[in-house]
Amino acid sequence: MSNLNVFGSGGDDPRLEELRVERTGIVVGALRRQRPEPEMPTNLDWLAVEVAPVLPGYAVPCVNVYRRWSNAYGHYFYIYEGVPPGHRTRFIREFAGEMGESPIKAHPDFASLRKKYGWSEASQDFPEFMPGNGGGGGLKSGPKEGPKPSPMAGVRAWLTPRGSYSVTFAQSSANRVPSWVFAKVGEVVKPPGIERVVSSASLKERNWLKLMPVIRERGNAFEITMPFLMSGLNKWNPDVYKAVTGAGSPEPSASDKIEAAWGWPT
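Everything in the sequence shown is counted per the working numbering, starting at 655 for the first residue and increasing by one.
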């Protein structure tokens with residue numbers, strides 16, 4: 655078996671194919687090596703990340719190796735990702751807004767709508783015709799008008815703003831995922847940094863529910879996303895959404911904040 659750390663002549667030294675720093679601060683790189691291989695080898699030991707060369711300038715681990723064979727040459731690609739020691743990371747805020755249907759009975763002016771257009775308790779929607787016969791009476795002469803069609807006939811729902819918000823950051827995987835990432839999941843909370851993304855006026859009569867985090871291992875780091883779901887106009891009821899995952903602060907401690915040099919979002 656050939657030495658997998660020897661790849662041809664000096665001219666076949668590793669070449670940097672890609673290097674980028676993602677928004678969270680995670681470094682992603684790729685090196686390529688090649689060596690003469692008249693025939694495609696069947697030994698799969700070359701796939702081992704242990705034989706990967708060091709990514710120049712960045713102490714992040716190799717996470718994947720793959721090979722392409724072309725014109726009697728083997729081309730080996732080494733993929734790296736992680737957070738180098740002392741490298742700055744940052745928090746990424748994202749807000750996704752949309753419009754969704756809500757029951758018309760939840761409309762803040764439903765009482766006025768019901769009085770003006772009528773309401774069918776049987777079908778739980780507005781009737782086909784406006785209340786009253788729409789005709790004249792008393793001493794007026796002439797034919798009476800027929801019932802007037804209602805512009806709200808059959809309406810059961812209305813469009814309301816909805817939204818989701820998330821904070822994504824990178825955390826060294828030398829330790830476990832911090833416990834505060836899971837604190838108050840399923841409870842009504844104030845998301846970190848939300849007022850820098852959505853104005854206070856837009857949040858009137860609404861609050862936020864903390865959802866389960868999404869955690870991905872990226873080399874020597876965890877990429878953690880903490881999502882939050884915006885309520886409708888009636889808000890999430892804290893009597894229902896509470897004490898799901900136990901007590902604890904939903905934010906990092908002062909020592910945790912030091913690792914993210916650009917600060918916890920406020």
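All C-beta atoms, glycine included, are put in the ideal place defined by N, C-alpha and C. Predicted model, so just to flag it, every value in this text is computed and none were measured.
- Under the three-pair Cβ rule at 8 Å, the segment 731-738 counts as touching the segment 706-722.
- DSSP, reduced to helix, strand and coil, places Trp723 within a strand of the structure shown.
- When C-beta atoms of the segment 798-810 are compared with those of the segment 740-747, fewer than three pairs fall below 8 Å, so the two segments do not count as touching.
- Following the DSSP letters along the chain, one finds Arg850 in no alpha helix (DSSP H), marked with neither H nor E.
- Residue pairing by DSSP places Met866 opposite no residue, since no beta bridge is assigned to it.
- Between Met880 and Pro867, the C-beta gap is smaller than 8 Å, which places the two residues in contact.
- If you look at Ala765, you'll find it in the alpha helix (DSSP H) that goes Phe764 to Tyr771.
- Leu709: not part of any beta strand (DSSP E); DSSP gives it neither H nor E.
- DSSP, read as helix, strand or coil, puts Ala837 in coil.
- Contact between Ala824 and Gly679 holds: CB atoms are separated by about 5 Å, below the 8 Å threshold.
- In this structure, DSSP gives Leu887 a state outside helix and strand, which the three-state scheme calls coil.
- Beta-bridge annotation (DSSP): Ile746 is paired with Thr822.
- DSSP places Val831 outside both helix and strand once states are collapsed to three, so it counts as coil.
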